[in-house]
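S.K.: Residue numbers (our numbering): 2 to 314.
For glycine and all other residues, C-beta sits at the position ideal for the given N, C-alpha and C.
For reference, the structure I am asking about is given below.
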RNA sequence: GGCCCGAUGGCAGAGUGGUUAUGCAGCGGUUUGCAAAACCGUGGACAUCGGUUCAAUUCCGGUUCGGGCCU
């Protein structure tokens, strides 16, 4: 196993929801004079601190944190947007002589930070909406057929049901006149410079699921209802990412009376478990892991832990 | 005690004398600008005992369990 050492330029803490990433990141920040930088696609929004399990005030007091609750829920974040934010943040942290510690469950973001991504021109809103409208009108099969005409190599990889990727590929082609598959073949750019040391927390499945269930019960009593009520009151576009955060639809249904409390909780917990499962799959197969932990961080935590990592560098 | 109805995979729920729906969950996977998203794949059952039949989850009878009605 690789060991953390002085030539590590940044740390990444990955793992499924409720595995204890935040606590590990804080301890790492304290041990190595670091700053915790958010790598979670939902914790980046301002509106949902409780439901997204953001580090609370107490935790933020234990180490510097940034990029949490910085965007308005009315705007949609994206990997690209996040990557440019982290790039600046990492530079700022390094300028202060501190160690950047990216922490979050959004695997795609972490991957982009480490490997970068192809630079593709932004598609104007008008084209984006036109393609989506076209998809709704003509259907996925027809759209996939259109895509096959201009970008066959990406079309064969997609299925007619994959509305998101079909519209993305089509809108990029319409806007740039160049197939998305070609853009994606361009060398990735924007990766963080230097060497990464990556932690992957992969607790035993049943135990993690119990924690997820318990955590949602706690959120429910800790103000999640008010938080979601306030979000709903904003009347945002239901298609915005923030509206799809686990717990939001379920609590919204409870508040509107279309779902009783037990059902809302049970479904939110289930969605959260399914999310964790997808995270396991992604990290397991696409994430470079330098240090694997098979328990939640709280179970693993002990003094020996850091000294081992420290002195083997 | 008597009569009637039901019993299908973790749950819901069709159906058939031979080729064993489907949905949800579970599990596996994909993932380059919505990723807490979007999508793909997949194991698993016919309460039990006996009978009829070339063949029974499907037909007949007993048993057990559940629901309803009657005295």
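Mapping the DSSP letters down to three states, classify residue 102 as helix, strand or coil.
M.R.: Along the first chain, one-based indexing puts residue 102 at 101. Note: residue 102 maps to strand in three-state DSSP.
S.K.: Quick check on DSSP: helix, strand or coil for residue 119?
M.R.: Translated into positions along the first chain, residue 119 becomes position 118. In the structure shown, residue 119 sits in coil (DSSP, three-state: anything other than H, G, I, E or B).
S.K.: State whether the segment 198-215 contacts the segment 6-19, with contact taken as three or more CB pairs (one from each stretch) at a distance under 8 angstroms.
M.R.: yes
S.K.: Pick out whichever of 150, 101, 133 has its Cα sitting closest to the Cα of residue 8.
M.R.: As a position in the first chain, residue 8 is number 7, starting the count at 1. Among 150, 101, 133, the Cα nearest to that of residue 8 belongs to 101.
S.K.: If we count Cβ pairs, one from each stretch, closer than 8 angstroms, do we get three or more for the segment 97-111 versus the segment 33-42?
M.R.: By the criterion of at least three beta-carbon pairs nearer than 8 angstroms, the segment 97-111 is in contact with the segment 33-42.
S.K.: Could you tell me which residues DSSP pairs with residue 202 in its beta bridges?
M.R.: Locating residue 202 in the first chain gives position 201, counting from the first residue. Bridge partners of residue 202: 294.
S.K.: Taking only three categories from DSSP, how would you classify residue 278?
M.R.: The sequence position of residue 278 within the first chain is 277, counting from 1. Per DSSP, reduced to three states, the secondary structure at residue 278 is helical.
S.K.: Across which residues does DSSP place residue 87 in a beta bridge pair?
M.R.: Along the first chain, read from residue 1 onward, the residue named residue 87 stands at position 86. Bridge partners of residue 87: none, in fact.
S.K.: Tell me the residue span of the alpha helix (DSSP H) that contains residue 319.
M.R.: Look at the range of the chain in this structure, 2 to 314, and you will see that residue 319 is not part of it.
S.K.: Taking the C-alpha atoms as reference points, what is the distance between residue 179 and residue 253?
M.R.: If you number the first chain from 1, residue 179 lands on position 178. If you number the first chain from 1, residue 253 lands on position 252. So the alpha carbons of these two residues sit roughly 42 angstroms apart.
S.K.: Are the beta-carbon atoms belonging to residue 242 and residue 55 less than 8 angstroms from one another?
M.R.: Counting from one through the first chain, the residue named residue 242 turns up at place 241. Counting from one through the first chain, the residue named residue 55 turns up at place 54. No. Outside cutoff.
S.K.: What is the rounded straight-line gap between the Cα of residue 299 and the Cα of residue 21?
M.R.: Residue numbering aside, residue 299 sits at position 298 when the first chain is read from its first letter. Residue numbering aside, residue 21 sits at position 20 when the first chain is read from its first letter. Those two C-alpha atoms are separated by around 7 angstroms.
S.K.: Under the three-state reduction of DSSP, which class applies to residue 245: helix, strand or coil?
M.R.: Start at 1 with the first residue of the first chain, and residue 245 comes out as number 244. Helix.
S.K.: Return the residue from the list 171, 217, 117, 129 that minimises the CA-CA distance to residue 82.
M.R.: The residue you call residue 82 lines up with position 81 of the first chain. Residue 117 is the option with its Cα nearest to residue 82.
S.K.: Going by DSSP, which residues form a beta bridge with residue 67?
M.R.: For the purposes of this step, residue 67 is taken as residue 66 along the first chain, with counting starting at 1. According to DSSP, residue 67 bridges with 38.
S.K.: Could you please give the first and the last residue of the uninterrupted beta strand (DSSP E) stretch that includes residue 11?
M.R.: Translated into positions along the first chain, residue 11 becomes position 10. Looking at the DSSP string, the run of the beta strand (DSSP E) that includes residue 11 is 11-15.
S.K.: If you check the beta carbons only, do residue 213 and residue 176 fall under 8 angstroms apart?
M.R.: Walking along the first chain from the start, residue 213 turns up at place 212. Walking along the first chain from the start, residue 176 turns up at place 175. No, the pair does not count as a contact, with Cβ atoms beyond the cut-off.
S.K.: Please report the residue range of the alpha helix (DSSP H) in which residue 33 lies.
M.R.: Counted from its first residue, the first chain places residue 33 at position 32. Unbroken alpha helix (DSSP H) run through residue 33: 22-33.
S.K.: In angstroms with no decimal places, state the Cα-to-Cα distance between residue 222 and residue 190.
M.R.: Start at 1 with the first residue of the first chain, and residue 222 comes out as number 221. Start at 1 with the first residue of the first chain, and residue 190 comes out as number 189. Going from the Cα of residue 222 to the Cα of residue 190 covers about 44 angstroms.
S.K.: Grouping DSSP H, G and I as helix and E and B as strand, with all else coil, what is residue 240?
M.R.: As a working note, residue 240 is residue 239 in the first chain. If DSSP states are grouped into helix, strand and coil, residue 240 belongs with coil.
S.K.: For residue 195, which of 92, 73, 80 has the nearest alpha-carbon?
M.R.: In the first chain, the residue the question calls residue 195 occupies position 194. Of the listed residues, the one whose Cα sits closest to residue 195 is 92.
S.K.: Which word fits residue 261, buried or exposed, when buried means at least 16 other C-beta atoms lie within 10 angstroms of its C-beta?
M.R.: As a position in the first chain, residue 261 is number 260, starting the count at 1. It is exposed - the Cβ of residue 261 has fewer than 16 other Cβ atoms within 10 Å.
S.K.: Pairs of beta-carbons, one from the segment 234-250 and one from the segment 34-53, closer than 8 angstroms: are there three or more?
M.R.: yes
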